Amino acid sequence: MELFISESEYKKRIETVRKVLQKRRLDALYLTNATSIFYLTGYSFISTERPAALVVPLDGKITFMGPLLEKDHVPLKTRLIENVKTYLDYPGERHPIEHFAEFLKEMGLAKKRIGIDNKSGAAGMWGYKGPPITRRLPEAKFVDMADLVPKMRLVKSPAEVALIRESAKWANLAVSLLQEYASEGAWDVEVALAASLDTTSIMKKTLGVDFEPLRNIFPVSVCFRGQIGEMSAIPHAIGTKRPIRNGDVLIAEAAVEIGGYSCELERTMIVGKPSAKQKRYFEVMVKAQEAAIQKMREGVECGEIDKASMEVFKKAG
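Under this note's numbering, the first residue of the sequence shown is numbered 3, with each subsequent residue one higher.
Given below as structure tokens:
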């Protein structure tokens with residue numbers, strides 16, 4: 003199977019954006035969100051405190067604006083970004099937003115109507131704060147278009163679904179290995195690292211030289227994240243102070259990136275033979291999950307699916 007979204011699909015997405023721009027009488031779209039930039043072009047970068055943005059004009063070359071360190075990355079990842087404009091952030095004699103304003107002027111957008119996802123002109127990552135781009139181009143008309151790309155992403159194409167399904171297969175393997183390696187006396191982080199490494203190795207051997215993580219340094223992440231024993235009832239934990247014990251409830255979670263897409267998989271497991279109480283709770287949980295799955299269909303609101311699941315818990319007391 004294809005491990006990436008095709009260039010032709012990215013072009014269709016850009017075409018959709020330009021149709022919206024034309025309909026809204028806008029001359030360009032200015033994006034600061036790294037996920038949105040990846041969605042339209044296939045270019046993924048590490049969003050930091052250094053301002054970066056993508057400009058999609060109604061007519062003309064798609065332009066990436068960002069720190070100099072991104073310059074050599076762009077042509078390696080995409081052919082859709084035809085123009086790269088950079089700044090040197092050290093010694094930083096001019097603020098990056100000042101550079102961006104100048105770049106937009108060079109593109110003939112100084113007095114145009116520009117759709118934008120963030121009027122500051124840069125993503126607020128790692129404590130970034132700076133002068134808004136709107137104040138640096140006072141004669142331009144900026145229009146809020148923060149929802150444009152996120153709404154496009156809501157409906158997945160067949161290619162996207164295929165990548166998510168492939169991710170799910172490998173997430174299943176990762177959780178299976180995590181379950182196999184978990185044992186009394188082992189530390190959760192040791193088990194997680196072993197399962198993540200082995201899944202990654204098997205993936206690379208199976209998918210071959212074309213496989214490459216696009217958005218994460220490590221394509222596989224599977225762990226318990228400290229949710230063992232008494233900590234299993236506390237979600238979004240980080241770690242634990244003790245090793246795994248017999249009778250512990252373990253909460254496993256896995257995410258595997260394929261072509262920039264990831265399917266999250268979470269499973270509950272018990273070390274050794276479950277107690278009667280654990281077994282009862284587990285069975286109720288499975289019934290709640292089944293109720294939610296049965297409720298899922300096109301047109302049903304997410305809240306209704308949640309209600310179906312919660313009703314099972316209420317009936318169980």
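Note that CB positions come from ideal geometry on N, CA and C, so glycine has one too.
As the structure is a computational prediction, the values presented were derived from the model and not from experiment.
- Residue range 36-43 is occupied by the alpha helix (DSSP H) that includes tyrosine 41.
- Secondary structure of serine 203 (DSSP, three-state): helix.
- Two segments are said to touch when three or more pairs of C-beta atoms, one from each, lie closer than 8 Å; by this definition the stretch 157-173 touches the stretch 246-263.
- With a contact defined as Cβ atoms closer than 8 Å, serine 122 and glycine 129 miss out at about 13 Å.
- Contact between the stretch 56-75 and the stretch 83-92 is present: three or more C-beta pairs spanning the two stretches fall below 8 Å.
- Around the C-beta of cysteine 304, fewer than 16 other C-beta atoms lie within 10 Å, and the residue is accordingly described as exposed.
- Beta-carbon to beta-carbon, alanine 55 and threonine 34 are separated by about 5 Å, close enough to satisfy the 8 Å threshold.
- DSSP places tyrosine 130 outside any alpha helix (DSSP H), giving it a letter other than H or E.
- Between the C-alpha atoms of alanine 125 and isoleucine 39 there is a straight-line separation of about 12 Å.
- Residue pairing of leucine 252 in beta bridges, as defined by DSSP: Ile230 and Met271.
- Between the alpha carbons of alanine 103 and proline 134 lies a distance of about 10 Å.
- Proline 69 is bridged by DSSP to Tyr89.
- In the structure shown, aspartate 190 adopts helical secondary structure according to DSSP, grouped into three states.
- Per DSSP, phenylalanine 144 is one residue of the beta strand (DSSP E) stretching across 143-146.
- Annotated as distal: cysteine 225 and alanine 184, with beta-carbon spacing of 8 Å or more.
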